[in-house]
Each structure stands twice: as structure tokens, then as C-alpha cells.
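In the numbering used here, the protein residues as written are 648 to 1553.
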């Protein structure tokens, strides 16, 4: 329905250079050949039998509306001009000699380029779709039985259609049975429906075939433009090409025409009607295939649709729907309006919406493409990619940048709040919420806060209270651990000679800090070794003749009372006992069942060495001190008694062979005294010295002073009462404990005084200790404890080699501690102290024992200190000296009335 427009003038093409003719063809290069392009070959056309009809007659017949053939006949084609009109015959040229069939076929097989697809020739063939594998037509006999479908056209083997309007247009031209050259631009090939190649070029050759003939241009693309006339009979040809091979007869009938005639292009164009142009733009060849041209005006294949969209997704989307439009509304050639509407609506690239819904504002159809307008924070072809704003300078956030889908936001660490949209500042939780920590103390921290409890407590987040920490569960102590509210105490068993070390958790040996001169003399005999009062030496003398007692020795003591020695027989026989009472010598004797007691002489318990002698005369006993007779007692018998023909005498030192209650006047037999240079019966017995050398405990301190010495082991125990009836009212009682201790310690740890119940509890103790249990402070203290609680303490240096006076006084509502006149500090409030004293009072109502210098086997946690005292000490209770010889029990290593001095030079 379109009117043809004037064809633009052909212009020289810059396409492939044209080569020289093939050898043996005899064709000369066309005039006007491009310089440097090389010789131009003449393209030969192999006559192809018409399978199912003649090419030229078919075209002309369709153009004119008449089925009768227009030119030629089925007979073998000849080169005479008799079959042409007069005007065509006048322009005819003698045809060159026809070559053989093989040469003619080879002339159309254009060699391939060094790379890429085969070289394009201007040849075109009307062939069936089924072509043999060799690229030659199927035999006529076979083709007659299987006629090709209408419009089934293909280019020959080795030929590549030239583009016009894209590859799809080239294939379409081939499919429609049209030449595929760039007609109208000098390309070789058929123009219009039966147009000879190079019709609008100069120098092309037109062949009007008869039945079964073919048409082709000789010069190739661009050659026709450069040659004004290029025919087989051209006078410019250097050699005449061979004539074309004879055409085979038409399979439908006999030959009806002569040989083919060559015409000039303008003359040949008069016989063929020009077809309408489809491309109206001069540069339309370079444009992308168009949907309207490819798939609306004509039926397009999937590959042609792919050339329109130039991508697989759109093609896959379009083509099934395109086929559905054809199936529903008919072929494109029907020009159905419904079909046109259906196809036009298919390539809407926004249906379905290819854009990411969440990131897209809208989709814009670009007719073969689409554009997704992205929301802020999105990017990508389909707006599917979120923009991570946090990757660029942390989004401008002061602390945390949190990317969100399509956006972002600033955040703060815990304990911070946003001051504005990007800056964080610390939150003072303690001010914002006053009871945030409950009973604990709130402390604001950077980005947080802390609930602080006292030492030994931990904060309970649920209850908002401070809970005691049981440190004992953590196994912090080496030996024994005692948990207390807010603290804990480690205890070491002092009876084993250990105490707490500086770390307050482990134990270490108790090492003396003041050395005492505890050296002993092997030539001395200690009389107080046996606390039971039994003798330390037992001698038995036997004589054949009657012998008198003679005894002499050096003696030293601070003890006012005790037995020096016994001499005689058994209890009911004759005997004498030399003892001390109140610091003076006392003689108890028994002769013939009659006992007497005599005491006289100076005080000898001053700690100085003195010589004492006892001599038995015929009728008297003489006792001398330092060679001075202090007693002379008349007797009526002999101490040696006759038994079994021998005179025998028993002699014991430091005790008697019977109980002290059987003495004439009972006394405390325990004597802390020292004896040396003894002479019993003129030195006849030498076994005593050997025994003493072997036993150090039988030896005396080389130097001794007044006091009691505690070696750091053992104790002395007394059965004392502290409760007295109230004056004027016997039903009420009162109690008072007053203790004075003169101490010169060798170590900084030990029990001085303690009360112990029958249940092994310690209601009261006075001790030395070298640490502060609650403050975990390593320092020397004297402490007063009620049970395991320290109620008063005073810091003092024990290792100064000085003697210190310690006084404590406890009453119903009073407790005091003084050391060298300095009052100790109370650890309890008045109410707490009263509660503790009431517990002590109740303990005093029952049986309690008084321990000095140590403790029995009590729990290590029953009192702060369990170690035994080491050093010198003299104890007074209610201003009365406590004599260790009167104890219920005393460790044999404790000297009750003598103490070695501090070692000089240490």
C-alpha cells in the first residue's frame, strides 16, 4: 500500500575488495576498478534446474497475474537473441563459449575468507529447503516427486546473504525468493522480482534465463558501480570467457526457448517490475531489527525475534505470547486489527513488572527495555540492591550504624542514648533511677553503671540486695575456712606449730622472733621433770655392814615448795624426806612409827646455787646449807635396815616412793629445782651421771630466771571458779575474771589464758596474734575473744625482747584490756558486747577449766588462736600468783618457776 520512492543514486562502497577472475574464464577486470583492490573475478552462475517451475516465468507470471511463462522455455537455454524482443536483441552481445558443468559450478563457489563466514557472492538460487550435503540441488527426478513448499527459498552453499536492514531482513529476502544483495547499490544479484544483479549499477551483466535458468550479477558488490559495461562481449576484455554450460531441460516439458541473452541493466529493468522498498531511510541497514517490520508485517521466527530484542529474557517472554496471538487471531498477513493489538501489547517491558517492588517507585517501558526508578536507598537495574549507607563514613553515626533495607539508622552502645539522630551521649543511670541498685550503692560508669556492695558481698540483680559471698566454697584457705558476713577467715591449727602466712590463706611455721638461752647442762639434774611427783632418780644401796647416810649436792630453785630427796625403807619403816616449804628447808622423818617435821634455815628459793648436805650421825641428823648447820635432829634408829642379812637403803630424788598424802605433813611434791655435784654415800653410785647424759629432759637450763617457761607446746590446766555468791543474797551470784600476765614472748602467736567448757567451746581467750582477721592486715596484736569473736584488741610489738604486762577485767557489763597501761580498742558495740558477755556468764555457771599457755583439742574455729604460747610468763588471777605446780595437769616441758633468759647478742 506504499508508493515507491525514488531510489537514491548508488555510490561507491567500501566493502570487500573484488578479486581477479578465476583462471581460464577469460574475463578482464572491469573499468573503474578500485586502486589497490586487486584483480576482479567474474562471478559465474551455475544454471540450476527449476524444481517445480521456472524462476523467471514464476516471477513474471505472478507480477502480471498470468501463469503463462514470460521468457524462455523448458528447452535447454541458448545464447541467441531470437527469444527476446527486438530491443533486447539489438543490445545483445555474443555470449562466450559455455564452460563445462563442473567449471560452471566451480565458478560460483566463492573461496572463504581467512577468518569469519564465507565470502558473500551475489548469486542467488531458487532451491528447495532440502539440499544435499554437498551443497548441490537434489536431483530433478527426486524433486519432482517431493515438490518444495511455497516460498521455500535458500541461498546456495558457500554463499552468505548480504545485509539489508539487518540479518533478519536478509533472511526474509531469501525466504521470499528475493535476491539478498544490496540491490540498488550496485551489488550483484536480482533486484525486484526478476531483477538482474547490478541493475542500478554500472557494468553489471543481466541474464534473462529461460526455463530452468538463473540470474546473477558478475561484478560482485561494488563492481557494477565501477564498470560502465561488463559483459562477455566487452571490447575491453583481454580474453573472452568461455560460454556458460547448456541449461538442462525443464522437468515439466520440452524446451520452449533459445539460449539466454545478455542485456544492459537499464534494458533488463524494463521487463521486471520493481518491488516496493521497505526501508525508507538511507542508513536503515545499520539499524536494529524492528518489531513492526519483523513480526507484525510478517511472520518472524524466534531467532528473528531475538534480533529485535537482542537478549534472551525478553525474547523468551515475547515469542510464546506472539505464537499465542497468531493462534488466536490468525497469520500476520491477514492484517487482523486484533492481531496487531495483541502483538503491540506484548513487548511492554513493565508487564509483568521486572522491578524489585520494595525498592522501586515506578517502572517505565522503553520499548525493548525498561527503566526502574529506584527509591532512596536502592540501586541496581531492577532496584534490587540495597545501598549500604553505613559503608561510607559509618553513615555519619557517632557509634553504631545499622543498615536497613532501603535506609539506615544510627544507634548507640548500651548505656548511651542518641542526643540527636547521629550523636550518642552517656546515660547516668544512677540519676535517672534512684533505686536502680536497691540496697547497693550505684556508681555511674561510661556507657553503664555498677551496683556496688560492701567487701565480701555480691549484688543480686533479681532481688537488688547484697548477698554474702561464701569464700570458703572457693577453697581459698589451706587448712580451715570460716565464712562470716562479708568476709571469711582462714585458720591454721596452731597445735601443729603453724600460723597464717602473710597472704592470709596459707599456713606457715611459727618461728621464734626472740631467742632464749635454752641451753642445758649435762652435769645437772632437773627435779621437776615428772609432774606427777614421782622421783626422777631411784637408787638402792645394799651393805653388808651397817652404814650411815651421807648426802651432799648443789641446789638451785625459784620454787617455794617441793621434795628434794627421800631416804629410808618403805612407808611404814624408818625414813626421812628433805623438802622445801615456803622457800625454806623442811625435814620430815619417821622413826619407829613416830613422825616429826622440822623446818629451819634461810630462804633458798632465790635461784642461786647453794650447797646442801645431810649427814646421819649415831644418834642425830645434821643438815647444813653452805657448810652451815641449819638443823640438828636427834633420832633413835638407823636409816639402813637389815633385810635378808643385808643392810639396805632406798634413795629417791625429786619425789617419794609413796603418795604425798601419806607424808607426815602433806605438801606439793613437784619441785622446779636443779641439782648438781651430788654425792650419795661418798660417790659410790656412778650410774646417775650416765643416765642424765642420755636424757636431755633430765637436764637443767644452764642459766635460769624467775618465771614460767612455755616451750610452745603443751599447757597447764586448772580447775578454778569465777562465780561467787552476792553479798547479802546467797541466791544471786556475781562473777568476775581478773587476769594479769607478765609476758616475754618468743613468738608472736599463742594462747596466754583461756576458759574451756566441757563441750570444748572457748567462751574466753587472751591471745597473741599477728594479723587482723577482718582487715586482713598483718600486724601483731593482743586480743580478747569471746568464743570466736574478737571483742577487743591492741597492737603491740612482741619481738622487742621486753617484758609486757597484760591485764584484762571482765564483769557482767564490762570488759577491758590493757597492755602496759594502754587501753585496747573495742571491736563491738555496747549492745553486741552485752550479748557476748551474757554468753560468757552462762558458760561460767557450768563447769569451765582454766588453761594457761595453750588449749586442749578444741575445734580450730572455736577461737581465733589455738597455738601454744612460747616464752616466759607469770600469771596472776585476782592478784594471786598462779602456781603451775598446783595445776591439774602441766606439760612436763613447761617449767613452772624457772625461765631461761633472752639469749645475749641476738
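For glycine and all other residues, C-beta sits at the position ideal for the given N, C-alpha and C.
As the structure is a computational prediction, the values presented were derived from the model and not from experiment.
| So with Cβ pairs under 8 Å, would you call residue 986 a contact of chain B? | The question asks about chain B, but that chain is absent: this structure has only one protein chain.
| Around the C-beta of residue 1255, are 16 or more other C-beta atoms found within 10 angstroms, so that it is buried, or is it exposed? | exposed
| message | Pull the bridge partners of residue 1222 from the DSSP assignment, please. | response | 1215 and 1237
| said: Buried or exposed, going by whether 16 or more other CB atoms sit within 10 Å of the CB of residue 1537? | reply: buried
| field | Reference residue 1419, options 1200, 1308 and 1474, closest by Cα | value | 1474
| query | Just the Cα atoms here: how many angstroms apart are residue 1152 and residue 1423? | reply | 10 Å
| field | Helix, strand or coil at residue 1338 [DSSP, three-state] | value | helix
| query | Whole-angstrom Cβ separation of residue 1548 and residue 1393, contact assumed at under 8 Å? | reply | Between the beta-carbon of residue 1548 and that of residue 1393 there is about 12 Å, and that puts the pair past the 8 Å contact cut.
| query | From what residue to what residue does the alpha helix (DSSP H) around residue 953 run? | reply | Per DSSP, the continuous alpha helix (DSSP H) segment holding residue 953 begins and ends at 949-956.
| task | Use the C-beta contact count for residue 1038: other C-beta atoms within 10 angstroms, 16 or more gives buried, fewer gives exposed. | result | By the 10 Å Cβ count, residue 1038 comes out exposed.
| query | Between the beta-carbon of residue 1354 and the beta-carbon of residue 1515, is there less than 8 Å? | reply | no
| Under 8 Å, do residue 1380 and residue 1370 count as touching if we go by C-beta distance? | yes
| Under the rule that 16 or more other beta-carbon atoms within 10 Å means buried, what is residue 1532, buried or exposed? | Flag for residue 1532 reads buried.
| message | Using only CA atoms, which one of 950, 1222 and 1197 lies nearest to residue 1241? | response | Of all alpha-carbon atoms in 950, 1222 and 1197, the one lying nearest the alpha-carbon of residue 1241 is that of 1222.
| said: Quick check on DSSP: helix, strand or coil for residue 967? | reply: In this structure, residue 967 counts as helix in the three-state DSSP scheme.
| query | What residue range is occupied by the uninterrupted alpha helix (DSSP H) comprising residue 1072? | reply | No alpha helix (DSSP H) contains residue 1072, which is instead part of the beta strand (DSSP E) from 1071-1073.
| message | Could you give the first and the last residue of the continuous alpha helix (DSSP H) run that contains residue 986? | response | 984-992
| request: Put residue 1018 into one of helix, strand or coil per three-state DSSP. | output: strand
| Using a Cβ-Cβ cut-off of 8 Å (strictly less than) and excluding sequence neighbours within five positions of residue 1284, which residues of its own chain qualify? | The beta carbon of residue 1284 sits closer than 8 Å to those of 1221, 1238 and 1239, all from its chain and outside the five residues before and after it, given in chain order.
| request: Rounded to whole angstroms, what's the CA-CA distance from residue 1129 to residue 1103? Just pull it up for me. | output: Going by the C-alpha atoms only, they are around 13 Å apart.
| Assigned exposure category for residue 1319 - 16 Cβ within 10 Å defines buried | buried
| said: If you reduce the DSSP assignment to three classes, tell me which class residue 780 lands in. | reply: Reliability fails at residue 780, whose pLDDT of 40 lies under 50, so the model's placement of it is uncertain and the value that follows must be treated cautiously. Residue 780: coil per DSSP, three-state reduction.
| Taking the DSSP output, what are the residues bridged to residue 1135? | 1130
| Alpha carbon to alpha carbon, what distance is there between residue 1485 and residue 1459? | 7 Å
| Which residues in the same chain as residue 1060 place their Cβ atom closer than 6 Å to its Cβ, once the five residues preceding and following it in sequence are excluded? | 1046 and 1094
| Own chain, CB closer than 6 Å to residue 1311, minus 5 neighbours either side, in chain order | 1235, 1242 and 1244
| said: On the DSSP letters alone, give me the boundaries of the beta strand (DSSP E) that residue 1267 sits inside. | reply: 1267-1272
| Going straight from the alpha carbon of residue 1356 to that of residue 1122, what length do you get? | 38 Å
| query | Taking residue 1082 as the reference, which of 1111, 1062, 1056 and 1405 has the closest Cα? | reply | 1111
| Would residue 1226 be called buried (16 or more neighbouring beta carbons within 10 Å of its own) or exposed? | buried
| task | Please work out which residues of its chain come closer than 7 Å, Cβ to Cβ, to residue 1542, disregarding the five sequence neighbours upstream and downstream, and give them in chain order. | result | 1175, 1319, 1355 and 1356
| Whole-number beta carbon distance between residue 1534 and residue 1364, since they are thought to touch under 8 Å | 6 Å
| said: Between the alpha carbons of residue 1325 and residue 1218, how many angstroms are there, rounded? | reply: 25 Å
| request: Check whether the Cβ atoms of residue 1029 and residue 1001 sit closer than 8 Å, and answer yes or no. | output: Going by C-beta atoms, residue 1029 is nearer than 8 Å to residue 1001.
| query | From residue 1502 to residue 1469, what distance separates their C-alpha atoms? | reply | 27 Å
| What are the boundary residues of the alpha helix (DSSP H) that includes residue 1563? | The structure shown does not extend to residue 1563, since the chain is modelled only from 648 to 1553, so the question has no answer here.
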